[in-house]
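**Student:** Handing you a structure now.
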Amino acid sequence: MKRIITLTILIWIQGQLFAQDPVKISMEEVLTKVQESNASIKVSEQEAQMAKYDYRFSNSIFLPQIAVSHTGMATTNPLMAFGSKLNQEILTQADFNPALLNDPDQIENYATKVSVEQPLINLDGFYQRKAAKTTMEAKELQALRTRDYLNFEAQKAYGQLQLAHRAVAVLQKAYEAANANLNMAQNSYDQGLLQKADLLEVKVRVTEVSDQLKTAKNNVRNASDYLSFLMNEQGDVIYEPSNELVPDNLGEWVDVSLENRADVKAMDLVSEAYKANMKADNMTFLPRLNAFASYEMYDDQIFQADAKGYIIGASLSWDVFKGFQRFAKAGKSKTSYEKAKQEYEQYVAKSTMELQRTKRMVEDAASRLQTSKLAMEQSEESLRIRTNRFKEGLEKTTDLLMAEATYAEKQLAYYQTIFEYNQAQSLLTFLTKE
331 MKRIITLTIL IWIQGQLFAQ DPVKISMEEV LTKVQESNAS IKVSEQEAQM AKYDYRFSNS
391 IFLPQIAVSH TGMATTNPLM AFGSKLNQEI LTQADFNPAL LNDPDQIENY ATKVSVEQPL
451 INLDGFYQRK AAKTTMEAKE LQALRTRDYL NFEAQKAYGQ LQLAHRAVAV LQKAYEAANA
511 NLNMAQNSYD QGLLQKADLL EVKVRVTEVS DQLKTAKNNV RNASDYLSFL MNEQGDVIYE
571 PSNELVPDNL GEWVDVSLEN RADVKAMDLV SEAYKANMKA DNMTFLPRLN AFASYEMYDD
631 QIFQADAKGY IIGASLSWDV FKGFQRFAKA GKSKTSYEKA KQEYEQYVAK STMELQRTKR
691 MVEDAASRLQ TSKLAMEQSE ESLRIRTNRF KEGLEKTTDL LMAEATYAEK QLAYYQTIFE
751 YNQAQSLLTF LTKE
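This is the structure we're talking about:
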């Protein structure tokens, strides 16, 4: 028996040591940490950076390509041996001896070459560069919109944390009240003033509230976990909001043009990028003009340059027919552009629908807010009256339990309405932010 008591005490002490104290956090702190550390924001910014480098890559249509090489070789190939001597400027009359031409001695040749290629007219490259620039701008706008969305999501998560804590507070009081009623009912039952069925009904109510309280506490943990995820923080932390759950007064909203919203602009730019790619594919049917030059140095000793020469010229190339490859690619790019246009129009229509629906949500939530507040106040007064009458033996147990349950229900409904109203306001702000 002593061992059991000792073990129980040790388990209780251990539970107290590892019990978590809630960490208070404000809405401002959450928003700041989300903007600084959220993984989705970092990913969107990396995507924008990748698009920026794609645009820089397109500078190649204007800038030259310069290469430097040094090559060493030894050969007895007749043609290569004769050419190497010619490049080294050491060819003599004796080298024209047919016996030496057909069966030369080993020749060593070291060549240093500097080559330059300069694009002059590549019309497809111009449009590819335009597409890359448009894509880069679209990615930057998408990254900006991601920040706005995570700001909205953080506000929503914080509201869920507020609501969960409110629910715990309400159900904790309901649990205490249910236990108090159970004590009164037990006393009445012991005095023979209450039937056993009524006592059991009170006990069932206590059990129900206990289960609801446990669920509410789990909701606090769930909301805390989601906040930690949004803030990209590790560890099992329980957060407690320092801001009260009250209706947000965000003022009057104003009508805005959806075309100026970052995500809608991004969709439009994506469509323009497809259009530029379509034109680029069409330009591949035209010839290309490029300039080239090289400066070459030869010797039979490594890193020497006794013989020098240069080449300079221009190349006009035209792929007249490539087995319908370009026709198919041009057709596909045109289809992609048409698809992008339709997606943009659909996105604008969907965004307009969401905006109108959210406006109605705000109006409905504002209307329900006052109603739920009055219902909560009425149920509170009803519970107070029935509790006093029950103490005097003038009220049935079932009526008291019903009043108690109704009051807890109306409280939770009121705070739920505040949460929904605040979320509707936040969503409206998000949808109308340019």
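Take the sequence shown: its letter number 376 is residue 706 in the numbering used here, and every next letter is one higher. By construction, the Cβ of each residue, glycine as well, lies at the ideal position given by its N, Cα and C atoms.
1) Given this structure, state the Cα-to-Cα distance separating E438 from A635, to the nearest angstrom.
2) Could you tell me the alpha carbon to alpha carbon distance between T682 and A473, rounded to whole angstroms?
3) Between E710 and the rest of its own chain, which residues show a CB-CB distance below 7 angstroms, the 5 nearest in sequence each way excluded?
4) Of the residues A695, E538, T406 and A679, which one's Cα is nearest the Cα of E324?
5) Return helix, strand or coil for F348, following the three-state DSSP convention.
6) Going by the DSSP bridge assignment, what does P571 pair with across the sheet?
7) Leaving out the 5 sequence neighbours to the left and right, which residues in its chain are closer than 7 angstroms to T464 when beta-carbon positions are compared?
8) Quick one: any contact between the region 608-616 and the region 394-405, if contact means 3 or more CB pairs under 8 angstroms?
9) Going straight from the alpha carbon of S518 to that of A484, what length do you get?
10) Please check the pair Y479 and F760, which I expect to be a contact at CB under 8 angstroms, by giving their CB distance rounded to whole angstroms.
11) If I follow the unbroken beta strand (DSSP E) through K637, where does it start and stop?
12) Where does Q700 land, buried or exposed, given buried means 16+ other C-beta within 10 angstroms?
13) By DSSP's criteria, Y625 is part of a beta bridge. Which residues make up the other side?
14) With 16 other CB atoms within 10 Å as the buried threshold, where does R589 fall?
15) Return the residue from the list S367, N620 and K638 that minimises the CA-CA distance to K443.
16) In this structure, how does DSSP classify I565 when only helix, strand and coil are distinguished?
17) What's the C-alpha gap between R386 and L619?
18) Are there 16 or more other CB atoms within 10 angstroms of the CB of T688, so buried, or fewer, so exposed?
19) Inspect the beta-carbon positions of A695 and T762 and report whether they are closer than 8 angstroms.
20) DSSP beta-bridge partners for Q395?
21) On the three-state DSSP scale, how would you describe I715?
22) Which partner residues does T401 have in the DSSP bridge list?
23) For my contact list, M706 and Q753 are in at a C-beta cut-off of 8 angstroms; report their separation, rounded to the angstrom.
24) How close, in whole Å, do the beta carbons of A381 and K469 come, if the pair is a contact with beta carbons under 8 angstroms?
25) Could you compute how far the alpha carbon of Y677 sits from the alpha carbon of A596?
26) Any chance the region 364-378 sits against the region 424-431, with 3 or more Cβ pairs inside 8 angstroms?
27) Keeping to the same chain, check which residues put their C-beta closer than 8 angstroms to that of R656; ignore five residues upstream and five downstream.
28) How many angstroms separate the CA atom of Y674 from the CA atom of E739?
29) Within the same chain, show all residues whose beta-carbon is closer than 8 angstroms to that of K526, passing over the 5 residues directly before and after it, in chain order.
30) Quick one: residues in its chain with C-beta nearer than 6 angstroms to the C-beta of F654, no 5 flanking neighbours on either side, listed in chain order?
31) Here's the rule I'm using: 16 or more other beta-carbon atoms within 10 Å means buried, otherwise exposed. How should D729 be labelled?
32) Hey, could you find the ends of the alpha helix (DSSP H) D555 is sitting in?
33) Let me check understanding here. Comparing Cα to Cα, which of R535, K415, L421 and A441 lies closest to S624?
34) Exposed or buried, which one is G723 when buried takes at least 16 other CB atoms within 10 Å?
35) Taking L409 and K415 to be in contact with their CB atoms under 8 angstroms, please state how far apart those CB atoms are, rounded to whole angstroms.
36) Provide the residue(s) that pair with R618 in DSSP beta bridges, ordered along the chain.
**Tutor:** If we stick to the structure as given:
1) 14 angstroms
2) 21 angstroms
3) Y737
4) What the structure shows of the chain is the stretch from 331 to 764, and residue 324 is not part of that stretch, so it cannot be assessed.
5) Confidence at F348 is low in this model, with a pLDDT of 37, below 50, so the placement of that residue is unreliable and no value is reported for it.
6) I355
7) L599, E602, A603 and A606
8) Output reads no: the region 394-405 does not touch the region 608-616.
9) If you take the alpha carbons of S518 and A484, they lie about 51 angstroms apart.
10) 7 angstroms
11) Residue 637 is actually Ala in this sequence, not Lys. A637 -> beta strand (DSSP E) spans A637 to S647.
12) exposed
13) V444 and Y640
14) A small fix is needed here, since residue 589 is Glu in this sequence, not Arg. When all chains shown are included, E589 counts as exposed.
15) K638
16) According to the sequence provided, residue 565 is Gly. The question's Ile does not apply to it. Coil at G565, not helix or strand.
17) About 22 angstroms.
18) buried
19) No, they are not a contact pair.
20) Q395 pairs with E447.
21) helix
22) A441
23) Not quite, the Cβ-Cβ distance comes to about 20 angstroms (not below 8 angstroms), so this is no contact.
24) 4 angstroms
25) 11 angstroms
26) no
27) D611, T614, F615 and D649
28) The C-alpha of Y674 lies about 45 angstroms from the C-alpha of E739.
29) Y519
30) none
31) exposed
32) Element bounds for D555: K526 to L560.
33) A441
34) exposed
35) That pair is no contact at about 11 angstroms.
36) Partner residues in the beta bridge of R618, as assigned by DSSP, are S647.
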